[in-house]
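In this note's numbering, the protein residues as written are 67 to 256.
Every residue, glycine too, gets a C-beta built ideally from N, C-alpha and C.
Here the structure is a predicted model, which is why all the values come from computation and not from measurement.
Right, one structure below, let's go through it.
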Ligand code: GAR
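Quick look at the structure:
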């Protein structure tokens with residue numbers, strides 16, 4: 067199973083995935099040329115692709131360029147790991163059911179929030195992590211796995227624990243999807 071990871075920022079989830087699945091992660095795409103994720107990829111010798119939406123006349127053209135990279139590399143699964151853009155129809159139509167995302171709350175609580183960690187911590191509800199398929203809505207796709215994160219009265223400590231849980235949960239889900247993909251490949255070869 068060939069995987070592309072999309073990330074806009076720090077890239078800690080990308081890093082654990084690249085370390086655990088070095089033969090599957092084919093490249094990382096970032097819409098932010100200065101994102102730290104690209105430094106992590108360089109250190110891990112994972113190919114990097116980066117360009118921003120502003121470099122294109124519209125979102126469709128931007129996503130068309132991404133889609134071409136996905137097709138060239140024959141990518142089977144897109145893993146969003148802190149990619150802070152909504153996937154539009156240009157990519158979604160081609161990769162429906164093949165895009166997953168991690169969100170730092172127990173969906174549907176705080177769907178669409180770019181600061182779901184702070185929101186759930188402040189309201190003391192929806193504390194946890196969700197991995198889900200991406201559909202045309204924002205954080206509305208089928209849920210694959212969820213894990214609660216215990217409340218801590220210190221936000222930084224809560225956030226630390228949440229990331230630790232993300233770094234366990236996301237590889238578990240990806241491992242399961244790789245196993246299913248390989249199994250379906252074997253069955254269709256028989
Ligand atoms: C993660 O906490 C992820 O759940 C969140 O961005 C962070 C990326 O961290 N994603 C969203 O908020 C998506 N709406 P990382 O760059 O260190 O992997």
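Worksheet item: Hey, is residue 79 close to the ligand GAR, as in C-beta under 7 Å from one of its heavy atoms?
Response: For the purposes of this step, residue 79 is identified with residue 13 of the chain shown, where counting begins at 1. For residue 79, the Cβ falls inside the 7 Å cut-off from some heavy atom of the ligand GAR.
Worksheet item: Distance, Cα to Cα, residue 160 vs residue 100?
Response: To locate residue 160, count along the chain shown from 1; it is residue 94. To locate residue 100, count along the chain shown from 1; it is residue 34. Distance between the alpha carbons of residue 160 and residue 100 is about 28 Å.
Worksheet item: Whole-angstrom Cβ separation of residue 170 and residue 182, contact assumed at under 8 Å?
Response: For the purposes of this step, residue 170 is taken as residue 104 along the chain shown, with counting starting at 1. For the purposes of this step, residue 182 is taken as residue 116 along the chain shown, with counting starting at 1. Indeed, because the Cβ distance is near 5 Å, the residues count as touching under 8 Å.
Item to complete: Mind checking which residues open and close the alpha helix (DSSP H) that includes residue 228?
Response: Locating residue 228 in the chain shown gives position 162, counting from the first residue. Residue 228 -> alpha helix (DSSP H) spans 221 to 255.
Worksheet entry | Pair within 8 Å by beta-carbon distance, residue 128 and residue 136 | Here residue 128 refers to the residue found at position 62 of the chain shown. Here residue 136 refers to the residue found at position 70 of the chain shown. No. Outside cutoff.
Worksheet entry | Beta-carbon proximity list for residue 244, same chain, < 6 Å, skipping 5 on both sides | Here residue 244 is taken as the residue at index 178 of the chain shown, counted from 1. Non-local beta-carbon contacts of residue 244 in its own chain, meaning distances under 6 Å to residues more than five positions away in sequence, involve 67 in chain order.
Item to complete: Could you name each continuous beta strand (DSSP E) segment of 3 residues or more that falls completely within the stretch 139 to 227, going from the start of the chain to the end?
Response: With a minimum length of 3 residues, the continuous beta strand (DSSP E) runs that stay inside the stretch 139 to 227 are 143 to 146, 165 to 169, 194 to 199, 209 to 214.
Worksheet item: From this set, 211, 190, 109, which residue's C-alpha is nearest residue 231's C-alpha?
Response: Working through the chain shown from its first residue, we reach residue 231 at position 165. Per the Cα distances, 211.
Worksheet item: Where do the N-terminal and C-terminal ends of the alpha helix (DSSP H) with residue 107 fall, by residue?
Response: Within the chain shown, numbered from 1, the residue matching residue 107 stands at position 41. DSSP places residue 107 in the uninterrupted alpha helix (DSSP H) bounded by 102 to 109.
Fill in: Rounded Cβ spacing between residue 91 and residue 103 (contact assumed at less than 8 Å)
Position 25 of the chain shown, counted from the first residue, corresponds to residue 91. Position 37 of the chain shown, counted from the first residue, corresponds to residue 103. Not really, about 12 Å apart at Cβ, beyond 8 Å.
Worksheet item: So, residue 108 versus residue 117, is the Cβ gap smaller than 8 Å?
Response: What you label residue 108 is simply residue 42 of the chain shown in a count that begins at 1. What you label residue 117 is simply residue 51 of the chain shown in a count that begins at 1. The answer is no: Cβ separation not under 8 Å.
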